[in-house]
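Numbers given in our numbering equal positions in the sequence shown, counted from 1, plus 3.
Beta carbons: idealized from backbone N, C-alpha and C, even for Gly.
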Amino acid sequence: MKREHDGARVPAIAFTKGGGLWLEDLAATGVDAVGLDWTVNLGRARERVAGRVALQGNLDPTILFAPPEAIRAEARAVLDSYGNHPGHVFNLGHGISQFTPPEHVAELVDEVHRHSRAIRSGTGS
Numbered sequence: 004m005k006r007e008h009d010g011a012r013v014p015a016i017a018f019t020k021g022g023g024l025w026l027e028d029l030a031a032t033g034v035d036a037v038g039l040d041w042t043v044n045l046g047r048a049r050e051r052v053a054g055r056v057a058l059q060g061n062l063d064p065t066i067l068f069a070p071p072e073a074i075r076a077e078a079r080a081v082l083d084s085y086g087n088h089p090g091h092v093f094n095l096g097h098g099i100s101q102f103t104p105p106e107h108v109a110e111l112v113d114e115v116h117r118h119s120r121a122i123r124s125g126t127g128s
C-alpha cells in the first residue's frame, strides 16, 4: 500500500463487511480509518476504538429506496449514534446501487449536512 505521494502522507481506510467482529484488530493495522457496514452500532464502535482511528459509515444503502422521510430518519440515527465527537466520516455501509434514485441521494446529503450542523451546534439529538 502506498502511504506517501509527492512527499505527502496518503491516508488509508480499511473496510470489510462484518468488520465489527474484528474492529480492534483492524484499528491496530496502521490505517487512519475503518469503514463499517450497517450491521455495526457506530456509537459502540467509537467506544471500542477510543479515538485510535476515524470511523466511516455506516448507513444501510437499501434505505435509499425508501420514502424520503425514512431516509432522513435513518441518516439522523447514524449521526446520533456517533454523537458530537471528532473522527466520523458519514458514508453508506457498503456500495450504492446503480438503480438508486438520485433525488433520494440528494435527500440524504441534505439531511446529513443539516443534522450534522445541528449536532455540532448543540441543537441536535
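Going by C-alpha distance, which of the options is nearest residue i?
i, options, result
"A15", "L62, A57, L45, E27", "A57"
"D40", "L24, V34, T32, E50", "L24"
"R51", "L29, V112, G33", "L29"
"G86", "S100, S119, A69", "S119"
"T65", "A11, E7, M4, H97", "H97"
"D113", "G46, F93, P89, F102", "F93"
"L95", "E106, I74, P89", "I74"
"R47", "D63, T32, V34, L26", "L26"
Specify, as a first and last residue, the run of the alpha helix (DSSP H) that residue i falls within.
i, result
"A78", "71-85"
"L111", "105-124"
"A30", "26-30"
With 16 as the cutoff for other CB atoms within 10 Å, does residue i come out buried or exposed?
i, result
"E72", "exposed"
"R79", "buried"
"G54", "exposed"
"H91", "buried"
Any idea what DSSP makes of residue i, helix, strand or coil?
i, result
"V52", "helix"
"L95", "strand"
"G22", "helix"
"L62", "strand"
"R6", "coil"
"G38", "strand"
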